[in-house]
Amino acid sequence: AQRVTQPEKLLSVFKGAPVELKCNYSYSGSPELFWYVQYSRQRLQLLLRHISRESIKGFTADLNKGETSFHLKKPFAQEEDSAMYYCALRGGGYNKLIFGAGTRLAVHP
Amino acid sequence: NAGVTQTPKFQVLKTGQSMTLQCAQDMNHNSMYWYRQDPGMGLRLIYYSASEGTTDKGEVPNGYNVSRLNKREFSLRLESAAPSQTSVYFCASSGPSGSGVDTQYFGPGTRLTVL
Numbered sequence: 011a012q013r014v015t016q017p018e019k020l021l022s023v024f025k026g027a028p029v030e031l032k033c034n035y036s037y038s039g040s041p042e043l044f045w046y047v048q049y050s051r052q053r054l055q056l057l058l059r060h061i062s063r064e065s066i067k068g069f070t071a072d073l074n075k076g077e078t079s080f081h082l083k084k085p086f087a088q089e090e091d092s093a094m095y096y097c098a099l100r101g102g103g104y105n106k107l108i109f110g111a112g113t114r115l116a117v118h119p
Numbered sequence: 050n051a052g053v054t055q056t057p058k059f060q061v062l063k064t065g066q067s068m069t070l071q072c073a074q075d076m077n078h079n080s081m082y083w084y085r086q087d088p089g090m091g092l093r094l095i096y097y098s099a100s101e102g103t104t105d106k107g108e109v110p111n112g113y114n115v116s117r118l119n120k121r122e123f124s125l126r127l128e129s130a131a132p133s134q135t136s137v138y139f140c141a142s143s144g145p146s147g148s149g150v151d152t153q154y155f156g157p158g159t160r161l162t163v164l
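Protein chains in written order, with the numbering used here: chain A, 11 to 119; chain B, 50 to 164.
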């Protein structure tokens, strides 16, 4: 079964601390993984996708097929990073995304 | 560009009532989607439309119907609302899958409460 697991509902850090939001997936084929973000009072938007291998707003994510993980990392968190983060998987169907439950990142001053 | 718009933003229904959630996009996207989001869960796909004139079931289609009215509009109908359908509903649109422009763009959501 296709599944995305985000084990942490809330991640609370101080400004300047490193951040790692965990995402594990279950999929038998070659998945495509995404991170979406929802800032307060804004709509859900794409942050990054693994095939781009790019850094967006200082965030990076590497697909580890051996560990079936796609963790989101940032070396120095900023207060404006506070938001809900959703990991999503696309596989086995027409552009259909399977979302994790989300992790709320709270960055404190 | 407004992107993806949804109406209404909020709605309260009584059990058994019907209503239609409207979604429109101005990005000339072929594909449109309806998701629901429940507390503690990720978004789950209800229905999608790969292109104008086609619709397909997603993960949780029971209790819903959809209409792809034209390329811009994709509506979601609850024929007989139930409390289990209390949720936040998101519409999204994208270019064709694998096209390089297949990023899904989301609307602001509709918060529906069924009493």
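We treat Cβ as the ideally placed atom computed from N, Cα and C, and that holds for glycine. For clarity, every value in this text was computed on a predicted model and none was experimentally measured.
- Close to Arg-53(A), with beta-carbon spacing below 9 Å, are these residues of chain B in chain order: Gly-52, Val-53, Phe-139, Tyr-154, Phe-155, Gly-156, Pro-157 and Gly-158.
- Judged by their CB atoms, Arg-51(A) and Gly-156(B) are not nearer to each other than the 8 Å cut-off.
- The beta carbon of Ala-51(B) is closer than 7 Å to those of Asp-75 in its chain, skipping five residues each way along the sequence.
- Closest in C-alpha terms to Lys-106(A), from the list Thr-56(B), Pro-88(B) and Trp-83(B), comes Trp-83(B).
- When secondary structure is reduced to three states using DSSP, Gln-134(B) falls in the helix class.
- Per DSSP, the beta-bridge partners of Asp-105(B) are Tyr-97(B).
- Remark: C-beta atoms of Lys-25(A) and Thr-113(A) do not approach each other more closely than 8 Å.
- By the Cβ neighbour-count rule, His-118(A) is exposed, with fewer than 16 other Cβ atoms within 10 Å of its own.
- Judged by beta-carbon spacing, Ser-143(B) lies within the 8 Å limit of Thr-152(B), meaning their Cβ atoms are closer than that value.
- Per the Cβ contact rule, the stretch 61-71 of chain A is not in contact with the stretch 50-64 of chain B (fewer than 3 Cβ pairs under 8 Å).
- Remark: three or more beta-carbon pairs, one from each stretch, lie closer than 8 Å, so the stretch 77-97 of chain B and the stretch 105-113 of chain B are flagged as touching.
- Taking 3 residues as the minimum length, the beta strand (DSSP E) runs contained wholly in the stretch 17-49 of chain A are 20-24, 29-31, 34-36 and 42-48, in order along the chain.
- Between Leu-21(A) and Leu-115(A), the C-beta gap is smaller than 8 Å, which places the two residues in contact.
- When secondary structure is reduced to three states using DSSP, Glu-122(B) falls in the strand class.
- DSSP places Phe-59(B) in the uninterrupted beta strand (DSSP E) bounded by 59-62.
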